[in-house]
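Here numbering that gives the first Met the number 0 is used: position 72 in the first sequence is 71, and no number is missing along the way.
Here a beta-carbon is modelled for each residue, glycine too, at the ideal position from N, C-alpha and C.
Encoded as structure tokens, the structure appears first; notes follow it.
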Amino acid sequence: MSYDHKSVDAKWQKKWEDAGIFNAETKSKKEKFYVLVEFPFPSGAGLHVGHPRSYTALDVVARKKRMEGKNVLYPMGWDAFGLPAENYALKTGIHPSVITKENIATFRRQLKSIGFSFDWSREVDTTDPKYYRWTQWMFLQFYKAGLAYKAKAEINWCPKDKIGLANEEVVGGCCERCGTPVEKREKEQWMIAITKYADRLLEDLKDVDYLPKIKKQQEDWIGKSEGAEISFELNFTHTPEANKNRGPNGEKAAIPVFTTRPDTINGATFLVLAPEHPWVKLAIDDSHDVLENKEEVRAYVESTARKTDIDRTNDDKEKTGVELKGVKAINPVTKEEIPLFIADYVLPNYGTGAIMAVPEHDDRDRAFAEKYQLPIVDEPFIPFDEAIEKSGGKKKTTYKLRDWVFSRQRYWGEPIPLIHCEKDGWVPVPDDQLPVVLPQVEKYEPTDNGESPLAVIHEFVNTTCPTCGGSAKRETDTMPNWAGSSWYFLRYTDPHNDEAFASKKALKDWMPVDLYNGGMEHTTLHLLYSRFWNKFLFDQGLVPTSEPYARRHSHGLIMAEDGTKMSKSKGNVVNPDDIVQEFGADTLRTYILFMGPFEEHVPWSTSGLIGVRRFLDKIVRLSEVAGADVPVGPSLAEVEKALHKTIKKVTEDIEAFKFNTAVSSLMTFVNEAQEKGGVSKELFDLFLRILVPFAPHIANELWEKSGNEGFVEATEWPQFDAKLIIDAEATISVQVNGKLRGTIVVPSDIAEAELIEMAKNDEKVSKFLTGEVKKTIVVKGKIVNFVI
RNA sequence: GCCACGGUGGCGGAAUGGUAUACGCGACGGACUCAAAAUCCGUUUCCUUCACGGGAUUGAGGGUUCGAGUCCCUCCCGUGGUACCA
0 MSYDHKSVDA
10 KWQKKWEDAG
20 IFNAETKSKK
30 EKFYVLVEFP
40 FPSGAGLHVG
50 HPRSYTALDV
60 VARKKRMEGK
70 NVLYPMGWDA
80 FGLPAENYAL
90 KTGIHPSVIT
100 KENIATFRRQ
110 LKSIGFSFDW
120 SREVDTTDPK
130 YYRWTQWMFL
140 QFYKAGLAYK
150 AKAEINWCPK
160 DKIGLANEEV
170 VGGCCERCGT
180 PVEKREKEQW
190 MIAITKYADR
200 LLEDLKDVDY
210 LPKIKKQQED
220 WIGKSEGAEI
230 SFELNFTHTP
240 EANKNRGPNG
250 EKAAIPVFTT
260 RPDTINGATF
270 LVLAPEHPWV
280 KLAIDDSHDV
290 LENKEEVRAY
300 VESTARKTDI
310 DRTNDDKEKT
320 GVELKGVKAI
330 NPVTKEEIPL
340 FIADYVLPNY
350 GTGAIMAVPE
360 HDDRDRAFAE
370 KYQLPIVDEP
380 FIPFDEAIEK
390 SGGKKKTTYK
400 LRDWVFSRQR
410 YWGEPIPLIH
420 CEKDGWVPVP
430 DDQLPVVLPQ
440 VEKYEPTDNG
450 ESPLAVIHEF
460 VNTTCPTCGG
470 SAKRETDTMP
480 NWAGSSWYFL
490 RYTDPHNDEA
500 FASKKALKDW
510 MPVDLYNGGM
520 EHTTLHLLYS
530 RFWNKFLFDQ
540 GLVPTSEPYA
550 RRHSHGLIMA
560 EDGTKMSKSK
570 GNVVNPDDIV
580 QEFGADTLRT
590 YILFMGPFEE
600 HVPWSTSGLI
610 GVRRFLDKIV
620 RLSEVAGADV
630 PVGPSLAEVE
640 KALHKTIKKV
650 TEDIEAFKFN
660 TAVSSLMTFV
670 NEAQEKGGVS
680 KELFDLFLRI
690 LVPFAPHIAN
700 ELWEKSGNEG
710 FVEATEWPQF
720 DAKLIIDAEA
730 TISVQVNGKL
740 RGTIVVPSDI
750 AEAELIEMAK
760 NDEKVSKFLT
770 GEVKKTIVVK
780 GKIVNFVI
């Protein structure tokens, strides 16, 4: 290795820090540019080699934008609430805040060792009471606007451990800790009405520059569909007297269904209800004994409660269901009596939780009909609107998107700042009493009745009502970890503000985020939640833009060398520390960008990494011959031309997120410069200015060695000279019937007729021109194709 | 099942509908060296041929086009997401 990366890395990292050159300017005439990467959860395992992929790529963008004269904000922080810290506390008894602080220190040290140009003066930490004070305050704005409400929601319940479980803690339908099959249980939870924003979250995707696949996934998740709600009247055949007086006005019992295909109603030969449908519960409990097979129905409902969603949603598994005997439904158009079923392939929380089954036109309905020998009829469609009218239905739009369950019965999260008073109901904690700080607890497990660990801290729970002053109890649920990450990009604009989550001016100066990068796995949760959160604050007049992110990109995973996911259990995790130690930060950075297309999963390769280190060493050797002893002549002119082509390519590739080909074009230039016998100091310095975003340490070191003052970062991003990159000659491939038969080198400005003549006369080509030339296609600068 | 993305040399990959395999890795040969490492020079998709050359080739099969890795259709395989969304 031709340079000592350890001393070079440390030297420039210290110089950058001392000079503070990466700190965003608060007062600046420059145009702003806000670059954001998803902030990490500081896990105990330390930085994973996958983390720097996103950070390096956006570091390149941030560094280039600064050199282009922009006032760049590129911040970093910690999304530090969450289960892993809590589970660690459960195991060791060490308070989550202690371990979180240690983990953050490790992450910070590791990130600094890679030389990212973060503005470290703006670090945020979601678990800092000064931060979550505002998370709580924002929750109260949702509450005051009527968007936060309490409702029953299903949770995973381990009957042995007597605790609620996160989805992640349910493995194969069983409790991760004890292996007991998990049940579903209803619990009152705080919900936030994100569905009220469904239409806007969908519509406003038009105004943002997200990768198409990201938009598509959000659209599918929101899942708007337009159809109709149609009621099917019931006829109780087992207990005909039950047909009377079912409703307050004596109306008959009916089941509303949602369908996107009302036009197929003639073919609806049965109804299917979700086992959780409220009517099913009523029928089981009904005093009239409307069901003939009550016990069978009850047993099926109970078996559904034990099924995981994966089981229910797997189409490869055979469909199951139970007929509701003693009840028939009337098809409102055909007037025919049709049977009713409950089946777990119908879900309770979409549409009305009941469907009209049209086996002729729906594969799932067909499979069910075939199994239970139900009629499959091919009736003619009726026009959409006519079908709705004839059936007495109404048009209805539904969404897949559901309201956001915002409660967790967990310790390591922001306490929900509400107080319950017998007299006044739910009362918000007054602003001047925020934050509601997490109290110290002895044990971190949820209580065995499913309440949060905070529920047993009497000093915390018992308080006074802010309205009436009487005794009252605090809410003990905490927020999900999506809460703090829903607005962190706002805090970065003004992270030390004690008067507001950020000043109006800072928000106006910096928002929206110009470029945001993160993983595809966050597309439907974090990305959608934070868009919603920002839109709500916008409606409250608290933030200046309706959309938080102008442009969104995503990165692929870095896999292990064998192409599988890196995981601690497999022992194939690459630690960035080891790479920085052995090969240097610049090698790690440049290799991560070079290894493959940014958006795709790529396996790690140590030999590929070594190849990149060789490239950097080659630059160092080139620097040793750069200067006076390089003869100014034709070869130097060619090197200059190659450099300007490289400037163009690197500039364009960074904008297009094609970092891998940007690096390869830098390599091509270095190879060519070496082949041509070296470069002048002037050209080498120019080269360092396009190298610096990728390999900032060595670029600065060589810049200094070359006799320059200051940082490379202080120079402007180079412009290529358009005149210099024009080629005098072009290599034209000559085809006969689309098959390559020869190549000719011609002057770039050759006339077409002359070109065709030359192509025809090329000896390799002419022997294939055996017939009459029917057509000649010329693509300027590239192809001549003779069709014979 | 559904949705999204992907499938190109020995490997990672490149390629606005226009010379497929850039760049890197690996391998082979050579120079330097007592030797090795490092470095430098060269070869390296496959088949065929002493060679010149010829033929084939981007998961499979069709199609559109003067021309397809790229666009369209039907499949196969892999990865990720998933709430059977009616």
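Cut-off 7 Å between Cβ atoms - residues of its own chain near Glu-712, not counting five sequence neighbours on either side | Residue numbering aside, residue 712 sits at position 713 when the first sequence is read from its first letter. Here the set comprises Ile-20, Arg-62, Arg-65, Met-66, Val-691.
- Task: Check Trp-156 in the structure and name its three-state DSSP category.
- Result: Reading the first sequence from its first residue, position 157 is the one you call residue 156. The answer is strand: DSSP assigns Trp-156 an E or B state.
>> If contacts are defined as beta-carbon pairs under 8 Å, then Asp-431 and Cys-464 qualify, I think. What distance do you get, rounded to the angstrom?
In response: Position 432 of the first sequence, counting from 1, holds the residue named residue 431. Position 465 of the first sequence, counting from 1, holds the residue named residue 464. With a Cβ gap of about 16 Å, Asp-431 and Cys-464 do not count as contacting.
Tell me where the beta strand (DSSP E) around Phe-785 begins and ends. The residue given as residue 785 occupies position 786 in the first sequence. Start and end: 782-786.
Item to check | Touching by the beta-carbon criterion (3+ pairs, under 8 Å), the segment 693-712 and the segment 609-627 | outcome: yes
Hey, how far is the Cα of Ala-636 from the Cα of Ala-672? Walking along the first sequence from the start, residue 636 turns up at place 637. Walking along the first sequence from the start, residue 672 turns up at place 673. For Ala-636 and Ala-672, the distance between alpha carbons rounds to 11 Å.
- Item | Segment limits, beta strand (DSSP E) that includes Tyr-33 | Your numbering for residue 33 matches position 34 in the first sequence. Element bounds for Tyr-33: 31-36.
| query | Straight-line CA distance for Ile-731 to Glu-771? | reply | One-based indexing of the first sequence puts residue 731 at position 732. One-based indexing of the first sequence puts residue 771 at position 772. Those two C-alpha atoms are separated by around 22 Å.
**Prompt:** Among residues of its own chain, excluding the 5 on either side of His-643, which ones have a beta-carbon nearer than 6 Å to its beta-carbon?
**Reply:** The residue labelled residue 643 in the question sits at position 644 within the first sequence. The residues are Phe-719, Asp-720, Leu-723, Ile-724.
Using 8 Å as the threshold, is the C-beta distance between Met-478 and Phe-38 below it? Here residue 478 refers to the residue found at position 479 when the first sequence is read from its first residue. Here residue 38 refers to the residue found at position 39 when the first sequence is read from its first residue. Against a cut-off of 8 Å, the Cβ pair of Phe-38 and Met-478 comes out as no contact.
(request) Give me the Cβ distance between Glu-175 and Glu-182, rounded to the nearest whole Å; I'm assuming they're in contact under 8 Å. (result) As a position in the first sequence, residue 175 is number 176, starting the count at 1. As a position in the first sequence, residue 182 is number 183, starting the count at 1. No, Glu-175 and Glu-182 are not in contact; Cβ-Cβ is about 15 Å, not under 8 Å.
Name the two residues that bound the continuous alpha helix (DSSP H) containing His-525.
The residue given as residue 525 occupies position 526 in the first sequence. Start and end: 525-538.
Kindly identify the DSSP beta-bridge partner or partners of Arg-551.
Looking up residue 551 in the first sequence gives position 552. Tyr-209, Tyr-515.
TODO: Starting from Asn-234, trace the beta strand (DSSP E) both ways and give me its first and last residue.
DONE: On the first sequence, position 235 is the one that residue 234 refers to. 224-235 is the extent of the beta strand (DSSP E) around Asn-234.
Under three-state DSSP, which class holds Glu-86?
What you label residue 86 is simply residue 87 of the first sequence in a count that begins at 1. A small correction: the amino acid at residue 86 is Asn; Glu does not occupy that position in the sequence shown. DSSP places Asn-86 in helix when its eight states are reduced to three.
I'd like the ranges of any beta strand (DSSP E) spanning at least 3 consecutive residues and lying wholly in the segment 369-433.
393-397, 417-420, 424-427
| message | Using a Cβ-Cβ cutoff of less than 8 Å, which residues in the same chain neighbour Lys-567 once the five nearest sequence positions on both sides are dropped? | response | What you label residue 567 is simply residue 568 of the first sequence in a count that begins at 1. Once the five neighbours on either side are set aside, the close Cβ partners of Lys-567 are Ala-44.
Between the beta-carbon of Leu-272 and the beta-carbon of Gly-352, is there less than 8 Å? Against the first sequence, residue 272 aligns to sequence position 273. Against the first sequence, residue 352 aligns to sequence position 353. Yes, Cβ-Cβ distance for Leu-272 and Gly-352 is below 8 Å.
Query - Top-ranked residue by Cα proximity to Lys-370, from Asn-330, Phe-767, Glu-322, Ala-454 - result: Working through the first sequence from its first residue, we reach residue 370 at position 371. Closest by alpha carbon: Glu-322.
Cβ neighbour criterion (16 or more within 10 Å) applied to His-457 = The residue labelled residue 457 in the question sits at position 458 within the first sequence. The residue is exposed, with fewer than 16 neighbouring Cβ atoms inside 10 Å.
Does the distance between the C-beta of Pro-746 and the nearest non-hydrogen atom of the ligand ZN fall short of 7 Å?
Of ligands this structure carries none, so the ligand ZN is not represented either.
TODO: Just confirm the distance between the C-beta atoms of Thr-134 and Glu-474, as a whole number of angstroms; I'd bet it's less than 8 Å.
DONE: What you label residue 134 is simply residue 135 of the first sequence in a count that begins at 1. What you label residue 474 is simply residue 475 of the first sequence in a count that begins at 1. About 14 Å separates the two Cβ atoms, so there is no contact after all.
Report task. Would you mind listing the alpha helix (DSSP H) stretches within the segment 450-484 that are 4+ residues and don't spill past its ends, in chain order? Result -> 457-460
Notebook entry, point to check: Whose CA, out of Ala-501, Asn-166, Asn-102, lies closest to the CA of Tyr-130?
Noted result: Counting from 1 along the first sequence, the entry for residue 130 is found at position 131. Ranking Ala-501, Asn-166, Asn-102 by Cα distance to Tyr-130 puts Ala-501 first.
How should Leu-739 be labelled, buried or exposed, when 16 other C-beta atoms within 10 angstroms of its C-beta is the threshold for buried? By one-based count along the first sequence, residue 739 stands at place 740. Leu-739 is exposed by the Cβ-count criterion.
- Query: Skipping 5 residues on each side, what residues in its chain have a beta carbon closer than 6 Å to that of Ile-375?
  - Reply: For the purposes of this step, residue 375 is taken as the residue at position 376 of the first sequence. If we look at Ile-375 and ignore the five residues flanking it on each side, its Cβ neighbours are Pro-358, Glu-359, Ala-368.
Does the pairing of the segment 192-209 with the segment 475-494 give three or more beta-carbon distances under 8 Å? no
So, at 8 Å on beta carbons, what are the nonlocal neighbours of Lys-569 in its own chain, with the 5 sequence-adjacent residues on each side left out? As a first step, residue 569 is located in the first sequence; it is residue number 570 there, counting from the start. Within the same chain, Lys-569 has close Cβ partners Ala-559, Thr-563.
What residues match up with Pro-338 in a beta bridge as DSSP calls it?
Position 339 of the first sequence holds residue 338. Lys-327.
| said: In this structure, how does DSSP classify Asp-124 when only helix, strand and coil are distinguished? | reply: If you number the first sequence from 1, residue 124 lands on position 125. Looking at Asp-124 - three-state DSSP - the assignment turns out to be strand.
Alpha carbon of Lys-472 to alpha carbon of Leu-453, nearest angstrom: Numbered from 1 along the first sequence, position 473 holds the residue referred to as residue 472. Numbered from 1 along the first sequence, position 454 holds the residue referred to as residue 453. The alpha-carbon atoms of Lys-472 and Leu-453 are separated by roughly 12 Å.
Inset, instruction - Please name the residue, chosen from Lys-395, Pro-239, Glu-228, that lies closest to Pro-331 on a Cα-to-Cα basis. - result: Within the first sequence, numbered from 1, the residue matching residue 331 stands at position 332. For Pro-331, the nearest C-alpha among the options comes from Glu-228.
Are there three or more Cβ pairs, one per stretch, closer than 8 Å when the segment 497-514 is compared with the segment 542-552?
yes
Taking 8 Å as the cut-off, does the segment 184-199 touch the segment 151-158 (at least 3 CB pairs, one atom from each stretch)? yes
Go ahead and pull the three-state DSSP assignment for Gln-217.
Within the first sequence, numbered from 1, the residue matching residue 217 stands at position 218. The answer is helix: DSSP assigns Gln-217 an H, G or I state.
- [ ] Specify, as a first and last residue, the run of the beta strand (DSSP E) that Thr-258 falls within.
- [x] Taking the first residue of the first sequence as position 1, residue 258 is located at position 259. Where Thr-258 is concerned, the enclosing beta strand (DSSP E) stretches over 253-258.
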